[in-house]
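Enquirer: When we follow the working numbering, the leftmost residue of the sequence shown carries the number 34, and every step to the right adds one. All residues carry an ideal CB built from backbone N, CA and C; glycine is no exception. Here the structure is a predicted model, which means the values were calculated and not measured. Quick one: structure below, then a few questions.
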Amino acid sequence: MTETLSVIIFLSTLFILLGIGVWVGAALLTTAIVGMFLFTSAPIGDSMAVTIWGEQSSWTLTALPLFIWMGEILFRTKLSETLFKGLAPFLRKLPGGLLHVNVGASAVFAAISGSSAATVATVGKMSIPELRARDYPEKMIIGTLSGAGTLGLLIPPSISMIIFGVTVNESISKLFMAAMLPGLGLAIFFMIYIMGWSFLNRGTFKPKIDIIDTETLAKRIGDLLPVLILIGGVIGSIYSGIATATEAAALGVVGAILLSMIQRSFTIDGFLESIMGSVRTTAMIMLILMGAGFLSLAMGFTGIPRALAETIGAWELSPLMLILILTIFYIILGCFLDGLSSIVLTMAVIEPLVRAAGFDMLWFGVYLMIVVEMAQITPPIGFNLFVLQGMTGKDMAFISKASFPMFLVMCVFIVFLVLFPQMATWLPEVLSK
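In structure tokens:
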């Protein structure tokens, strides 16, 4: 009875605070303080100090602000223009034409940024006006960009993957390895959908086609080469074991600065803006981590995680049924919380269940990133939807409908990942030998 009352009070406090617009991190901290005050006799101040210090003092977390800074630097360069023009000649002949550039450019930028919203904003800045000028359907422009932008959460270096690794004490390097093939696989699934849509609409889909001469093609490939070298340097240094995730992030920052200089887009003002942008984003994430860590401690004092784990364990669910329930749970949760908050808020309860069911945590991390990606394109709290609304001027209903097919593609890919878990576990096993 006490545990039921605890759950009601915790959830009511949290959702009331979120509903009135309190920052997510502050709402989590306040909820934890209320719970500690009502249900425990432990010293609140001491418990908060110890927990927050423990959450923030992980060396692994130092990679986080560096990867964010790298993305901020590149966001202020000519990267979106370089990606679009460099990839267009290779992808325009596929069924669906330049719509594939949304997917390809998002995959490339995801391998630099690690942020879903930044991926959508950067790629969309160039692709939306270019595709509109060539008479591509607005619904497909927005839909493909919305779905492909979520690759920023999956393809390494992923900010959310770093948070997951720190939360469940798993190797960030191995998580990055596990996510690479599924990330590319999901991009291919998006492209298959575009080709299928193009085939079904071949009678009405007639965009304008560019003619590119050999000299222009060579220049565009040359512009794209430094970006690919930066990606190869960052990811390759991790996979080869030469550098840790933190060291690779530092390498990425230096590479991003050099790339901006090569593109002649480096300015002191832009550099300072990139620093402040990374500080703001890192502070937001750290506040959420602080709040989630303290809330997990408060819930632990009340016995909620243990009771919930025992309740679900008593259901004797098969591993597949557990994954199905978790998928539905995270999709519903994603309608109200952003992906990062969903991860840190639920891991205290979900991790023991997943380990007890025998799932590989590297595989589960990849699965979780894909499910959380869905939260980025599900209303009413879908960050990618808000970014696209600001960029296109379309209403939320139109953007949500345009994004729904990509949501279904991700659902299909989760089934594929469940049937073939080796997609996530093979690369870490091979490279760890």
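Within 10 Å of its beta-carbon, does Glu462 have 16 or more other beta-carbons around it, so buried, or fewer, so exposed?
Expert: exposed
Enquirer: Can you tell me whether Leu226 is helix, strand or coil according to DSSP?
Expert: One point to set straight first is that residue 226 is Tyr, not Leu, in the sequence displayed. Helix.
Enquirer: Please classify Gly423: is it buried, with 16 or more other beta-carbons within 10 angstroms of its beta-carbon, or exposed?
Expert: Residue environment analysis places Gly423 among the exposed positions, since fewer than 16 neighbouring C-beta atoms fall within 10 angstroms of its C-beta.
Enquirer: Around the C-beta of Thr152, are 16 or more other C-beta atoms found within 10 angstroms, so that it is buried, or is it exposed?
Expert: buried
Enquirer: How far does the alpha helix (DSSP H) with Phe419 in it extend, from its first residue to its last?
Expert: Phe416 to Thr425 is the extent of the alpha helix (DSSP H) around Phe419.
Enquirer: Is the distance from the Cβ of Ala435 to the Cβ of Ser179 below 8 Å?
Expert: yes
Enquirer: State yes or no: is the C-beta of Ala220 within less than 8 Å of the C-beta of Leu257?
Expert: no
Enquirer: Identify whether Lys239 lies in helix, strand or coil by the three-state DSSP scheme.
Expert: coil
Enquirer: Out of Ile403, Phe431 and Met380, state which residue places its alpha-carbon closest to the alpha-carbon of Asn202.
Expert: Met380
Enquirer: In this structure, does DSSP put Phe123 in helix, strand or coil?
Expert: helix
Enquirer: At the level of alpha carbons, what is the spacing between Thr237 and Leu208?
Expert: Looking at the two C-alpha atoms, the distance is approximately 43 Å.
Enquirer: When the distance is taken between beta carbons, is Val404 closer than 8 Å to Ile447?
Expert: yes
Enquirer: Is the separation between the beta-carbon of Pro189 and that of Leu450 shorter than 8 Å?
Expert: no
Enquirer: Classify Pro412 as helix, strand or coil using the three-state DSSP reduction.
Expert: Here Pro412 sits in coil by DSSP.
Enquirer: When we look at the beta-carbon of Phe197 and count the other beta-carbons within 10 Å, is it buried (16 or more) or exposed?
Expert: buried
Enquirer: Check each candidate in Leu127, Phe70, Phe222 and Ala278 and name the one with the smallest Cα separation from Ile101.
Expert: Ala278
Enquirer: Who are the Cβ neighbours of Phe70 in its own chain at under 7 Å, not counting the five residues just before and after it?
Expert: Same-chain partners within the cutoff: Ile77.
Enquirer: Just the Cα atoms here: how many angstroms apart are Gly137 and Leu401?
Expert: 22 Å
Enquirer: Name the residue from Thr84, Ala289 and Ile254 whose alpha carbon lies nearest to the alpha carbon of Lys118.
Expert: Selection Thr84, Ala289 and Ile254 evaluated against Lys118 yields Ile254 as nearest (Cα-Cα).
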